[in-house]
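Novice:
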Amino acid sequence: MRHLIRTDDFSIEEINELFQDAERFSDGRFERILQDKIIITLFFENSTRTKSSFEIAAKRLGAEVIHLDVTKSSTKKGETLTDTAANLEAMGPNAIIIRHQNAGVPKILSQHANAAIINAGDGAHAHPTQALLDLFTMHQHFDNLKDKRIAIVGDIKNSRVANSNIELLTRYGLDVTLVAPPQFMPKTTLKTTDSLTSIIDKVDIIMSLRTQTERHSYPIYASLKDYASDFCITKELLGDRDILIMHPGPVHRNVDIDDALLDDPRSKVLNQVKNGVLIRMAVLKKLIGNV
Ligand code: ASP
7 MRHLIRTDDF SIEEINELFQ DAERFSDGRF ERILQDKIII TLFFENSTRT
57 KSSFEIAAKR LGAEVIHLDV TKSSTKKGET LTDTAANLEA MGPNAIIIRH
107 QNAGVPKILS QHANAAIINA GDGAHAHPTQ ALLDLFTMHQ HFDNLKDKRI
157 AIVGDIKNSR VANSNIELLT RYGLDVTLVA PPQFMPKTTL KTTDSLTSII
207 DKVDIIMSLR TQTERHSYPI YASLKDYASD FCITKELLGD RDILIMHPGP
257 VHRNVDIDDA LLDDPRSKVL NQVKNGVLIR MAVLKKLIGN V
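In the numbering used here, the protein residues as written are 7 to 297.
In structure tokens form, the structure reads like this:
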């Protein structure tokens with residue numbers, strides 16, 4: 007059984023196939039190939055986009071989706087997560103989509119699972135379907151992604167989206183620069199800076215990230231306003247430059263990206279959401295479709 011825990015679980019050839027499927031799906035060319043499949047979602051952390059995106063993807067392909075309400079699950083009664091998962095497994099689902107605040111949980115489950123385990127975000131570690139949909143969104147805009155220059159801006163150190171994107175984008179040959187204040191910068195061999203103005207003429211894509219306050223053990227900035235004054239991507243900063251603006255959501259308006267730029271056609275934030283469904287359909291087809 008294949009699982010999707012990290013982006014490097016899939017080769018470039020496999021990812022290119024996912025993109026071909028996603029393109030077909032975007033033209034409405036798909037059938038109910040998952041009609042007899044059962045998928046469980048298990049979200050221990052909040053989610054708006056990812057959970058509904060997976061659900062829509064699964065249902066478009068004809069699967070049944072069961073959401074386990076973790077606030078009412080037996081892990082709350084002291085059952086270990088592996089026991090809960092083993093019990094769910096015994097009911098024979100085809101896939102379990104899991105989000106957890108602790109890095110490594112989906113990997114551990116995958117070591118005992120007969121169902122396909124799909125990581126929908128684990129701590130600050132990985133969010134593979136987000137990075138795949140981000141890359142797919144870039145692929146729709148550029149004939150060739152190799153050597154395209156991207157700045158990832160914000161709380162990179164605490165971001166699973168950044169982690170997964172860095173692995174995937176560098177594998178596809180993009181030129182990645184990390185832009186963050188020192189407290190949000192991970193240890194890295196990539197180019198780094200804390201100055202947006204220094205990179206603005208040298209990039210084709212900017213990916214802004216939310217400050218992951220839920221993962222900070224103490225307030226890192228006196229206020230998000232202070233952070234925004236240095237790191238918010240504004241329409242004024244962009245001027246008339248042809249740069250793709252991306253964000254995984256949820257966006258902190260006027261902290262990560264300003265209102266004016268979010269309404270600008272260069273902002274691809276809602277395209278990313280749309281592509282999320284297509285990519286998740288392609289991932290489900292790959293992991294549990296028998297075609
Ligand atoms: N939605 C993304 C995630 O789950 C990004 C974020 O929350 O900032 O990691």
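We put the beta carbon where it would ideally sit given N, CA and C, even for glycine.
These numbers were taken from a predicted model, which means no experiment stands behind them.
(1) Could you tell me the distance, in whole angstroms, from the CA atom of leucine 267 to the CA atom of valine 289?
(2) Is isoleucine 18 buried or exposed, if buried means 16 or more other CB atoms sit within 10 Å of its CB?
(3) From the DSSP output, which residues share a beta bridge with isoleucine 46?
(4) On the three-state DSSP scale, how would you describe methionine 144?
(5) Quick one, what's near ligand 1 if you take every residue whose CB is closer than 7 Å to any heavy atom, in chain order?
(6) For threonine 13, which residues from the same chain have a beta carbon less than 6 Å from its beta carbon, with the 5 sequence-adjacent residues on both sides left out?
(7) Pick helix, strand or coil for valine 261, following the three-state DSSP scheme.
(8) According to DSSP, is glycine 282 part of a helix, a strand, or is it coil?
(9) Need the endpoints of the beta strand (DSSP E) that lysine 197 sits in, please.
(10) Buried or exposed for aspartate 265, going by 16 or more other Cβ atoms inside 10 Å?
(11) Closer than 8 Å by C-beta to phenylalanine 190: which residues in its own chain qualify, once you throw out the five before and the five after it? Chain order, please.
(12) From this set, Thr176, Ala28, Cys238 and Gly98, which residue's C-alpha is nearest threonine 194's C-alpha?
(13) In its own chain, which residues sit with a C-beta less than 6 Å from the C-beta of asparagine 281, not counting the 5 before and 5 after it?
(14) Can you give me the C-alpha to C-alpha distance between alanine 119 and leucine 293, rounded to a whole angstrom?
(15) So what does DSSP say about lysine 191, is it helix, strand or coil?
(16) Helix, strand or coil for aspartate 128? Go by DSSP, reduced to three states.
(17) On the DSSP bridge list, what partners appear for serine 214?
(18) On the premise that valine 71 lies in contact with leucine 87, defined as a C-beta separation below 8 Å, what is that separation, rounded to the nearest angstrom?
(19) Evaluate the contact criterion for the segment 28-42 versus the segment 236-248: three or more CB pairs, one atom per stretch, below 8 Å.
(20) Is it the case that the Cβ atoms of alanine 101 and alanine 121 are separated by a distance below 7 Å?
(21) On the DSSP bridge list, what partners appear for leucine 10?
(22) How long is the line joining the alpha carbons of threonine 77 and serine 235, rounded to whole angstroms?
(23) Tell me, please, whether the segment 18-34 touches the segment 47-60 by the rule of three or more beta-carbon pairs shorter than 8 Å.
Specialist: According to the structure data:
(1) To locate residue 267, count along the sequence shown from 1; it is residue 261. To locate residue 289, count along the sequence shown from 1; it is residue 283. Approximately 31 Å, taken between the alpha carbons.
(2) Locating residue 18 in the sequence shown gives position 12, counting from the first residue. Under this definition isoleucine 18 is an exposed residue.
(3) Taking the first residue of the sequence shown as 1, we reach residue 46 at position 40. Bridge partners of isoleucine 46: Ile72 and Ile102.
(4) Walking along the sequence shown from the start, residue 144 turns up at place 138. The answer is helix: DSSP assigns methionine 144 an H, G or I state.
(5) For ligand 1, the selected residues are Ser53, Arg55, Thr56, Gly127, His133, Gln136, Ser165, Arg166, Val167, Leu215, Arg216, Gln218, Pro254, Gly255 and Pro256.
(6) If you number the sequence shown from 1, residue 13 lands on position 7. Cβ neighbours of threonine 13 beyond the five flanking positions: Pro134, Ala137, Ser170, Glu173 and Leu174.
(7) Here the question's residue 261 lines up with position 255 in the sequence shown. In the structure shown, valine 261 sits in coil (DSSP, three-state: anything other than H, G, I, E or B).
(8) Within the sequence shown, residue 282 is the residue found at index 276, counting from 1. Glycine 282 falls in the helix class under three-state DSSP.
(9) Residue 197 sits at position 191 when you count from the first residue of the sequence shown. Looking at the DSSP string, the run of the beta strand (DSSP E) that includes lysine 197 is 197-199.
(10) Against the sequence shown, residue 265 aligns to sequence position 259. With fewer than 16 Cβ atoms within 10 Å of its Cβ, aspartate 265 is classed as exposed.
(11) Locating residue 190 in the sequence shown gives position 184, where the first residue counts as 1. For phenylalanine 190, where only same-chain residues beyond five positions count, the Cβ hits under 8 Å are Gly160, Asp161, Ile162, Lys163, Asn164, Thr217 and Ile226.
(12) Locating residue 194 in the sequence shown gives position 188, counting from the first residue. Of the listed residues, the one whose Cα sits closest to threonine 194 is Thr176.
(13) Within the sequence shown, residue 281 is the residue found at index 275, counting from 1. Only Leu139, Phe142 and Thr143 meet the Cβ criterion.
(14) The residue labelled residue 119 in the question sits at position 113 within the sequence shown. The residue labelled residue 293 in the question sits at position 287 within the sequence shown. So the two alpha carbons sit approximately 13 Å from each other.
(15) Along the sequence shown, read from residue 1 onward, the residue named residue 191 stands at position 185. The sequence given here places methionine at residue 191; lysine does not occur at that position. If DSSP states are grouped into helix, strand and coil, methionine 191 belongs with coil.
(16) Here residue 128 corresponds to residue number 122 of the sequence shown, with the count starting at 1. Looking at aspartate 128 - three-state DSSP - the assignment turns out to be strand.
(17) For the purposes of this step, residue 214 is taken as residue 208 along the sequence shown, with counting starting at 1. According to DSSP, serine 214 bridges with Val159.
(18) Working through the sequence shown from its first residue, we reach residue 87 at position 81. Working through the sequence shown from its first residue, we reach residue 71 at position 65. Leucine 87 to valine 71, Cβ: 20 Å. No contact.
(19) Result no; under three Cβ-Cβ pairs closer than 8 Å.
(20) As a position in the sequence shown, residue 101 is number 95, starting the count at 1. As a position in the sequence shown, residue 121 is number 115, starting the count at 1. Result yes, Cβ atoms of alanine 101 and alanine 121 sit closer than 7 Å.
(21) Here the question's residue 10 lines up with position 4 in the sequence shown. Bridge partners of leucine 10: Ile124.
(22) Indexing the sequence shown from 1 puts residue 77 at position 71. Indexing the sequence shown from 1 puts residue 235 at position 229. Cα to Cα, the separation comes out at about 38 Å.
(23) no
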